[in-house]
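What follows is a set of notes on a single structure, which appears directly below.
Protein chains: 2
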Amino acid sequence: MKLITRDTDYAIRALCYLAASDKDMVTASELVRVLKIPRPFLRKLLQILNKKRILKSYKGRGGGFLLPKAADKILLMDVITAFQGPLRLNECFFKKKMCPDTKVCVLRRKIIAIERYVFSQLRTVTIAS
Amino acid sequence: MKLITRDTDYAIRALCYLAASDKDMVTASELVRVLKIPRPFLRKLLQILNKKRILKSYKGRGGGFLLPKAADKILLMDVITAFQGPLRLNECFFKKKMCPDTKVCVLRRKIIAIERYVFSQLRTVTIAS
DNA sequence: ACAAATGATACTAATGTGGTATCTTTAAAG
DNA sequence: CTTTAAAGATACCACATTAGTATCATTTGT
């Protein structure tokens, strides 16, 4: 099972390229050329990233894309959730039925703890890598 | 995005029921009745669990399923991989192209570290919860 | 022999992922 | 003020995965 889909993967690459580029405005065409991602697909991804304010777009001739903030402020976590939605381990396994209210579901606690750790860690990963 | 699919979820419930049951042999019919999982689907899951040696089945009249070992020795991790395969975050984002060999991909390191943590934690979660 | 259980296998429906196609809007350059 | 090079919007399609069904074969206690 993949935890990071192709969308996210491509998006990361594009963002990294933007971060590394010295000219601050980069066109989709350039990204297609260097990243070898199918043009219409990449364009869709860029549009999504734009809507989520992860990058900024400029229309018209001479337009393109650029990062709206420093690369080390862009969280991997945000890119993942942009494409894959909030990733949750699971709702309660037992839908509150069997859960003994004394222990308040050790299992659930543990899983939530793991979840939290992953999120906190993912949040430390930025584009500046 | 779900990290635990319905298969896994159902399987966990079934295993927990087996663990909690005092009679050690439980039929699929009984599981269907109490867990309210579609019969043919549950039967498929049980067959898979049997093949993976996570539970043991007995055919014929009076047959059924039981746990082959103590509930606290059955790892959530194993159940997950049984149904969802080994879960990997992602191959290398850059397919070894851009990776500067000096830093040997900080990103990748971090991700692997997170992955390892999740696995180690998941391995601590057993059916005895 | 029969009935009650699981095993094996093939099929179907719904959803998600990866990708395409087409048309509209914006804005700089000539 | 027209052309042209960019992005925006939207609808569509192919394939894979997930969730679930159906059917028949095999085993085993009574």
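Here the protein sequences line up with chains W and B, keeping their order.
Counted from 1, the first sequence has number 191 at position 79 by my numbering; the numbering is strictly sequential.
Counted from 1, the second sequence has number 132 at position 20 by my numbering; the numbering is strictly sequential.
The C-beta atom is built at its ideal place from N, Cα and C for all residues, glycine as well.
C-beta neighbour in chain W for residue i, strict 9 Å
{"i": "Gln159/B", "result": "no"}
{"i": "Tyr170/B", "result": "no"}
{"i": "Arg200/B", "result": "yes"}
{"i": "Gly176/B", "result": "no"}
Which residues DSSP lists as bridging residue i, in chain order
{"i": "Ser141/B", "result": "Its beta-bridge partners do not exist; DSSP assigns none."}
{"i": "Arg173/B", "result": "According to DSSP, Arg173/B bridges with nothing at all."}
{"i": "Lys114/W", "result": "Arg200/B"}
{"i": "Lys168/W", "result": "Leu178/W"}
Whole-Å CB distance - residue i paired with residue j, under 8 Å assumed
{"i": "Ala140/W", "j": "Leu127/W", "result": "Their Cβ separation, rounded to whole angstroms, is 14 Å, which puts Ala140/W and Leu127/W out of contact at 8 Å."}
{"i": "Leu130/W", "j": "Val138/W", "result": "6 Å"}
{"i": "Leu154/B", "j": "Leu167/B", "result": "At roughly 12 Å, the Cβ-Cβ gap does not stay under 8 Å, so Leu154/B and Leu167/B are not in contact."}
{"i": "Arg165/W", "j": "Pro180/W", "result": "7 Å"}
{"i": "Arg200/W", "j": "Leu188/B", "result": "With 8 Å as the limit, Arg200/W and Leu188/B do not qualify as a contact, their Cβ atoms being about 16 Å apart."}
Rounded separation between residue i and residue j - CA only
{"i": "Lys156/W", "j": "Gln196/W", "result": "15 Å"}
{"i": "Arg145/B", "j": "Phe177/B", "result": "15 Å"}
{"i": "Thr120/B", "j": "Ile192/W", "result": "23 Å"}
{"i": "Pro198/B", "j": "Met113/W", "result": "6 Å"}
{"i": "Arg160/B", "j": "Gly175/W", "result": "Per the sequence presented here, residue 160/B reads as Ile, with Arg not at that position. Approximately 54 Å, taken between the alpha carbons."}
{"i": "Arg173/B", "j": "Asp134/B", "result": "20 Å"}
{"i": "Ala123/B", "j": "Asp136/B", "result": "17 Å"}
{"i": "Arg125/W", "j": "Asn162/B", "result": "42 Å"}
{"i": "Tyr170/B", "j": "Arg228/B", "result": "37 Å"}
{"i": "Thr186/W", "j": "Thr117/B", "result": "According to the sequence shown, residue 186/W is Ile rather than Thr. Straight-line Cα distance between these residues: approximately 30 Å."}
{"i": "Pro150/W", "j": "Asp184/B", "result": "49 Å"}
{"i": "Ala132/B", "j": "Ala182/B", "result": "11 Å"}
{"i": "Ala194/B", "j": "Ala194/W", "result": "29 Å"}
{"i": "Asp190/B", "j": "Asp190/W", "result": "30 Å"}
Within-9 Å CB hit, residue i to chain B
{"i": "Met113/W", "result": "yes"}
{"i": "Pro152/W", "result": "no"}
{"i": "Phe206/W", "result": "In this predicted model, Phe206/W has a pLDDT of only 49, less than 50, meaning its place in the structure is not dependable; the value taken from the coordinates is given anyway. With 9 Å as the cut-off, Phe206/W counts as an interface residue toward chain B."}
Residue i: CB within 8 Å of a non-hydrogen atom of the ligand FAD
{"i": "Lys164/B", "result": "This structure lacks the ligand FAD; in fact it carries no ligand of any kind."}
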